[in-house]
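One structure is given below, encoded as C-alpha cells.
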Amino acid sequence: MKTSIKTLLAGIALLAPLSAPAFAETLRWASSGDVISYDPNAQVDSFTQSVHHMVFDPLVRRNKELKLEPALATSWEVVEPTRWRFKLRQGVKFHEGQAFNADDVVATIQRQIDPGARNRENLSTVVGVEKVDEYTVDLILRAPYPLLLNDLAAIYIMSKPWMAEHDALKPGNASTGVVTYASNHANGTGAFKLKAYEPDSRSVFEVNKDWWDKPQHNLDEVEFRPIASDATRVAALLSGEVDMIAPVPLQDVDRIAATDGLKVVENPSLRTIFFVFSYRPELHATPGQPNPLRDVRVRQALWHAIDGKTIQKRLMRGKSRTAGMLVAPAVTGYDEDIDVPLPYDVAKAKALLAEAGYPDGFKTGLACPNDRYIADEQICLAVASMWAQIGVQANVNVESKTTYFPRTDKGEFDVYLLGWASLPPMDGFSPLQALLATNDGTFGGSNADGLSNPDIDKLAYAAAGELDETKRVETLKEAFRITHDQVLYLPLHQQPVAWAMSSKVDMPQFPDEYVRPWFAQIKK
Amino acid sequence: MIRLFSVRLLQAILVMVAVTAIAFVMFRFVGDPVASMVREGATQAEKDAVRVALGLDKPVAMQFANFVGQVLTGDLGTSYRYQQPVTTLLLSRLPATLELVIVATVLALSLGIPLGVLCALKPNAFLSRLTQSATLVGISMPTFVTGLLLILIFAVNLRWLPSSGRGDLVDIGLWETGFLSLSGLKSLILPSITLALFQLTLIMRLVRSEMIDVLSSDYIRFAFARGLPRPYIYGRLALRNALMPVVTVTGLQIGQLIAFAIVTETVFQWPGMGLLFTNAVGYPDVPVLAAYLLFVGFLFVMINMIVDILYTFIDPRLRTR
Chain A
1028 MKTSIKTLLA
1038 GIALLAPLSA
1048 PAFAETLRWA
1058 SSGDVISYDP
1068 NAQVDSFTQS
1078 VHHMVFDPLV
1088 RRNKELKLEP
1098 ALATSWEVVE
1108 PTRWRFKLRQ
1118 GVKFHEGQAF
1128 NADDVVATIQ
1138 RQIDPGARNR
1148 ENLSTVVGVE
1158 KVDEYTVDLI
1168 LRAPYPLLLN
1178 DLAAIYIMSK
1188 PWMAEHDALK
1198 PGNASTGVVT
1208 YASNHANGTG
1218 AFKLKAYEPD
1228 SRSVFEVNKD
1238 WWDKPQHNLD
1248 EVEFRPIASD
1258 ATRVAALLSG
1268 EVDMIAPVPL
1278 QDVDRIAATD
1288 GLKVVENPSL
1298 RTIFFVFSYR
1308 PELHATPGQP
1318 NPLRDVRVRQ
1328 ALWHAIDGKT
1338 IQKRLMRGKS
1348 RTAGMLVAPA
1358 VTGYDEDIDV
1368 PLPYDVAKAK
1378 ALLAEAGYPD
1388 GFKTGLACPN
1398 DRYIADEQIC
1408 LAVASMWAQI
1418 GVQANVNVES
1428 KTTYFPRTDK
1438 GEFDVYLLGW
1448 ASLPPMDGFS
1458 PLQALLATND
1468 GTFGGSNADG
1478 LSNPDIDKLA
1488 YAAAGELDET
1498 KRVETLKEAF
1508 RITHDQVLYL
1518 PLHQQPVAWA
1528 MSSKVDMPQF
1538 PDEYVRPWFA
1548 QIKK
Chain B
168 MIRLFSVRLL
178 QAILVMVAVT
188 AIAFVMFRFV
198 GDPVASMVRE
208 GATQAEKDAV
218 RVALGLDKPV
228 AMQFANFVGQ
238 VLTGDLGTSY
248 RYQQPVTTLL
258 LSRLPATLEL
268 VIVATVLALS
278 LGIPLGVLCA
288 LKPNAFLSRL
298 TQSATLVGIS
308 MPTFVTGLLL
318 ILIFAVNLRW
328 LPSSGRGDLV
338 DIGLWETGFL
348 SLSGLKSLIL
358 PSITLALFQL
368 TLIMRLVRSE
378 MIDVLSSDYI
388 RFAFARGLPR
398 PYIYGRLALR
408 NALMPVVTVT
418 GLQIGQLIAF
428 AIVTETVFQW
438 PGMGLLFTNA
448 VGYPDVPVLA
458 AYLLFVGFLF
468 VMINMIVDIL
478 YTFIDPRLRT
488 R
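Just so you know, the sequences run in chain order A and B. Taken in order, the first sequence gives residues 1028 to 1551; the numbers are from the numbering used here. Taken in order, the second sequence gives residues 168 to 488; the numbers are from the numbering used here.
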C-alpha cells in the first residue's frame, strides 16, 4: 500500500499542471447508475431527476437547507383554493437562446399531466394550466392541495419552441413506444448545459454563463460517469480519473478515508428503514391460527426485543441514525418527541407477550431484500436472533429486490423490511397517505397488508386538503403519534449516505442523496 | 450440399423457437417490472395502470402469443427502462462489444498460435515452459479477478491506462469507433487483454496438442524423409492440418465473447451489450432481457452454420458428402 500511495502522490503531482489549466475547473464524478433518459417526463427515477436539476430549473426549488425558495417563479398566491397564480421571472433565457415566458410553463405542465407521461402522478392534483399574461400562469387543481409547491420543486421547465421544433411536445413513453428528441437532448434554463450524452459512458455539462442566478460554484465543466462495478468506481477515484464518487461501497469507506488526498463524507439520509407487519386474519407461517401481530402488545414486545444500539454499532458501523418514527428530521411532520424507539428490554417484551397470550412466543415469517438497502440481509438475520430470545421464531426469507417488491405488493409476507424516503415531496403526508391510510384505491397504495385504522384515515383525509400549514403539520404529527403508540410499523433507522471525494473538492451532502454540483467548489 | 444446408436451416429454426419460448417463460419469473416503474407513494390504481399499459394483466398464453407475434415481425418491443425500441438499443451497443471482441480475438490468435507452435516444436525451451505455466494461471483465474488486477496495477498504481469507459469516440458514419483516438485505443487495452486471456490460453493449448499430434503422423515423417525444408513442413503441411479444430473453437469462442463479455464489460464499464444486459437484470427490463437472449441464440446458430460451411472449404472430403 505504501508504494501505491507514493505513486498516487507522484501521479497527482505530475498530473496537476496538465489537467488543471488556470481557467477550467472540471468536476468529474461517478455514480453507480446512469440517467435513464434526459426526458423529465419519461421516468420516476430520483437519481435521474437529480441529474436533470443541473440542466433544468423548476418553478420553486430547494436551497442549501432543503427549504423551498423561488426559482423560475418569483412569487405565488392562492387565488381560490383550487387556483394558484404564479408570477414568473423575467429575462431568463434557455440554453439555446429562447426567452422564457408563460408559454413554456403551460407547455411543460401540459406535457407533465399528459396521460402518457410516466411521472404524471408527481403532479397528480393539477388538472389544468392557464396563461394569464406573458409572465403569469394559473394552475388549476382538482381539490385544495397543500403540497403543490413541494410537487413543483420536481417539475422541470422545458422550452415550448424547442419542443415544438423537435416534435417533443408529448412525453416519451415505454408503453406506447414514443421516443422523443428530448430523451437524448436537453435544453433548460439551469446552471449547466448538457454538452454531450453517451448512454452508460458519460454526460458532459458546461457552465451556463447566462444563468439568471448568481452561481455559488466555481466550476466550468462537469463530467458525470456511471460506473456500475463498485471496485472499478473506487479504482477510478484512487487513480484520480474522477474527483468524486457517490455512493461509496461501504466496505471501502475506511480504506478511502485513510488515503492521502481523499476524504469520505457520510451522513444519515432521509431513507427510513422499518418493518412492516401483516394485519391479515392469519399469518402465512401459521395458517388456521389467529394472527398474533394484530395485538398491539405483541408488536410492542417485538420492538422492545430489538437491540437498536447493536444494529447501529455493528451492522451500520455507527453511521446510521436510530429512529422511532417513519420520517427523518428534515421531513415536515417530524417531531423529536415522537421519534423515540421503545427501549431494548427483553424482560418487558416477554411480559407483554405473556400478557397477550403468547408466553412461549409464536412463529412468523420475516422477509428482507439483499440488494436494496444497506446491510438489509444482515439486519433481518440479526433481528431474527433478537426475537428468538423472546421465543418468537422468525423464518427468514431473503431475496433479490426484483422479486421481493412484487411480493410485498401482493401481501405475501408476514413481517418484512421496507425503506421510505418521503421523496420527492419531503413531507410526512407521503407515508401517511401511502403506508398508513387504509388501502382504498386512492390512499394506501403501499399498504398491502390490511392495516386499517379509522383515526389515521380521518387524519390522512384531513391533511390532504388542509391549506393552513400549522394545522396540517399538527395533523401529521397526530397521525405519527398514533403510529408510534400502536406500533403500526416498527422503525429501525435512517441509513447513511456515503460519498468520497478528492480533498480539493468541497461538495455539500444532502439527506435526499441529490448531488448538487451548483453548490460545489474546487480549490485551486 | 443443398441438403446439408436445408437440414441445418431446419435445425436452426427449431432451436430459435425453443429459445423464444425459454426467453419468454424465464423472464416471467425474474420479477415484476411494475415495482421499479412507479414512484414511491404510488396508489394501487397507478400500479394497475402501468400493468395494463404493458399488457402484463393479460393471461400468460396471450402474452406469449403477443410476444411471438412481435418477434416474427422483427419488433422486439420497447425497453421499459430506456423507453426506446430494443432493436435500436442493441444496435447502438453492438459496436462497442464488437470492437472489444475483435481486438480480443486478434490478440488471442496472433499470440496463441505462434506460442502453441513454439510449445509443440520446442517443448523444453525456457519460453515454452514459461508460457505453459503462465497459461495455467490464465485459464484458472476468473475474468473479474483478472480485470480488477489489471485495473489495480495499470490504472491505480502505475496510472498508465484508464480504468473504465471507452475514451473519446470518433463518429465514422455507421458507428462511433474508439480505434481512431489515443484515449480510445488506451481504453481498449485492459478490457481486451482481460477478455482475450482465456481464449488465448485455449488456442495456445489446442494448437500445441494438435501440432504434436500431426507431427507424429506418417505423412510428416515422409516429408522429413524426402528432405523438404523444415519451414515448409511445419508451416504448410503440419500447421494447416492442426488448425482445423482451432477454426471451430475460435468460431464458437467469438460467439462466447460477444454473448458473454458481460463480466468484462461490467468491470470496465464498457458501454456494450453486456453492460446493457447487466443493467436490465436489476430493473428488470424484460424486453431487453428477452431480446438479448434471442440475439445470443441467433448468434450461436449462425456461427455454427458458418463454421460448418467453412469446414467444407478447409476439408475437401466434406464437400463430396
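Even for Gly, the Cβ is constructed at its ideal location relative to N, Cα and C.
Beta-ladder partner(s) of residue i, from DSSP
i               : result
T1299 (chain A) : A:W1447 and A:Q1521
F172 (chain B)  : Paired residue(s): none; F172 (chain B) is not in a bridge.
G279 (chain B)  : Answer is none; G279 (chain B) lacks a bridge partner.
A1126 (chain A) : A:K1120
Q178 (chain B)  : Answer by DSSP bridge pairing: none, since Q178 (chain B) is not bridged.
D1533 (chain A) : A:Q1548
E139 (chain B)  : With chain B covering 168 to 488 only, the question about residue 139 (chain B) has no answer from this structure.
Y1224 (chain A) : A:S1230
L1289 (chain A) : A:S1529
G1392 (chain A) : A:N1422
W1056 (chain A) : A:F1251 and A:M1271
Residues near residue i in its chain [Cβ-Cβ closer than 6 Å; skip 5 each side]
i               : result
H1079 (chain A) : P1067 and Y1183
A1350 (chain A) : T1299, P1518, H1520 and Q1521
P1535 (chain A) : F1546
N1214 (chain A) : F1121, H1122, E1123, S1186 and W1189
N1128 (chain A) : E1161
W1176 (chain A) : It is worth fixing the name first, because residue 1176 (chain A) is Leu in this sequence and not Trp. Excluding positions up to five away in sequence, the list reads V1087 and L1095.
A179 (chain B)  : V468
Of the listed residues the options, nearest to residue i (C-alpha basis)
i               : options                               : result
K1187 (chain A) : A:R1138, A:R1348, A:Q1243 and A:A1170 : A:R1138
K1428 (chain A) : A:D1403, A:D1194 and A:K1504          : A:D1403
R1147 (chain A) : A:K1120, A:V1164 and A:G1199          : A:G1199
S203 (chain B)  : A:V1062, A:F1440, A:P1433 and A:G1471 : A:P1433
E1092 (chain A) : A:E1439, A:K1550, A:D1539 and A:Q1548 : A:D1539
T1053 (chain A) : A:R1252, A:V1410 and A:R1344          : A:R1252
G351 (chain B)  : B:L341, B:V337 and B:L364             : B:V337
T187 (chain B)  : B:R393, B:A232 and B:L177             : B:A232
D1322 (chain A) : A:N1422, A:R1307 and A:H1311          : A:R1307
R333 (chain B)  : B:L317, B:I356 and B:L303             : B:I356
L456 (chain B)  : B:A179, B:L276 and B:R248             : B:R248
P290 (chain B)  : B:L325, B:I318, B:R372 and B:R218     : B:R372
R199 (chain B)  : B:F465, B:A447, B:Y459 and B:L466     : According to the sequence as given, residue 199 (chain B) is Asp; it is not Arg. Considering only alpha carbons, the answer is B:A447.
7 Å Cβ shell around residue i - same chain, five flanking residues per side excluded
i               : result
P1097 (chain A) : V1087
P1048 (chain A) : At P1048 (chain A) the pLDDT is 41, less than 50, meaning the model places this residue with poor confidence; the figure from the coordinates comes in the next sentence. Here the set comprises nothing.
I1549 (chain A) : E1052, L1054, N1245, L1246, K1531 and V1532
A390 (chain B)  : I400 and L404
R1089 (chain A) : L1095 and A1180
D1072 (chain A) : I1063
E1250 (chain A) : T1053, R1055, R1229 and V1231
K353 (chain B)  : L328, P329 and G334
Heavy atom of the ligand PLP within 7 Å of residue i beta-carbon
i              : result
L442 (chain B) : The ligand PLP is not part of this structure, which contains no ligands at all.
Cutoff 8 Å; reference residue i; Cβ partners in own chain excluding five residues on either side
i               : result
D1484 (chain A) : A1464, T1465 and F1470
V1205 (chain A) : G1143, K1197, P1198 and G1199
Chain-ordered chain D contacts of residue i [CB-CB under 8 Å]
i               : result
R1089 (chain A) : Judged by its chain identifiers, the structure shown contains no chain D, and its protein chains are A and B.
Tell me whether the region 241 to 255 of chain B and the region 378 to 393 of chain B touch, counting them as touching only if at least three CB pairs, one residue from each stretch, are closer than 8 Å.
Contact between the region 241 to 255 of chain B and the region 378 to 393 of chain B is not established, with fewer than three Cβ pairs separated by less than 8 Å.
Chain B contacts made by the region 1126 to 1148 of chain A, where a contact means CB separation under 8 Å
Within the region 1126 to 1148 of chain A, the residues whose Cβ lies closer than 8 Å to some Cβ of chain B are R1145, N1146 and E1148, listed in chain order.
Is the region 1235 to 1252 of chain A close to the region 1491 to 1500 of chain A, with three or more CB pairs under 8 Å?
No, they do not touch.
What are the residues in the region 1442 to 1455 of chain A lying within 9 Å of chain B by C-beta distance?
Along the region 1442 to 1455 of chain A, going in chain order, the ones with a CB nearer than 9 Å to a CB of chain B are W1447, A1448, S1449, L1450, P1451 and P1452.
What are the residues of the region 1269 to 1287 of chain A that lie near chain B, defined by any Cβ-Cβ distance shorter than 7 Å?
Listed in sequence order: no entries.
Between the region 329 to 340 of chain B and chain A, which residues of the former have CB atoms less than 7 Å from a CB of the latter, in chain order?
The residues in question are P329, S330, S331, G332 and R333.
Output, in sequence order along the chain, the residues in the region 237 to 259 of chain B whose CB is closer than 7 Å to any CB in chain A.
From the region 237 to 259 of chain B, only T245, S246, Y247, R248, Y249, Q250, Q251 and P252 have a Cβ closer than 7 Å to chain A.
In chain order, what residues of the region 1204 to 1238 of chain A put their CB closer than 8 Å to some CB of chain B?
Residues of the region 1204 to 1238 of chain A with a C-beta less than 8 Å from any C-beta of chain B: G1204, V1205, V1206, S1210, E1225, P1226, D1227, S1228 and R1229, listed in chain order.
Inter-stretch contact at 8 Å, needing at least 3 Cβ pairs: the region 259 to 271 of chain B / the region 429 to 447 of chain B
Segments in contact, yes.
For the region 443 to 454 of chain B, list every residue whose C-beta sits within 9 Å of some C-beta in chain A, in sequence order.
Of all residues in the region 443 to 454 of chain B, L443, T445, N446, V448, G449, Y450, P451 and P454 have a Cβ within less than 9 Å of some Cβ in chain A.
Using a Cβ-Cβ cutoff of 8 Å, what residues of the region 405 to 438 of chain B are near chain A? List them in chain order.
Of all residues in the region 405 to 438 of chain B, the ones placed with a Cβ closer than 8 Å to any Cβ belonging to chain A are T433, V434, F435, Q436 and P438, in chain order.
For the region 1286 to 1306 of chain A against the region 1437 to 1448 of chain A, do three or more pairs of beta-carbon atoms, one drawn from each stretch, fall closer than 8 Å, so that the two count as touching?
By the Cβ criterion, the region 1286 to 1306 of chain A is in contact with the region 1437 to 1448 of chain A, since at least three pairs of Cβ atoms, one from each stretch, lie closer than 8 Å.
Could you say if the region 293 to 302 of chain B and the region 434 to 444 of chain B meet the contact criterion of at least three C-beta pairs nearer than 8 Å?
No: fewer than three Cβ pairs fall under 8 Å.
Name, going along the chain, the residues of the region 347 to 366 of chain B whose beta-carbon falls closer than 8 Å to a beta-carbon of chain A.
Within the region 347 to 366 of chain B, no residue places its CB atom closer than 8 Å to a CB of chain A.
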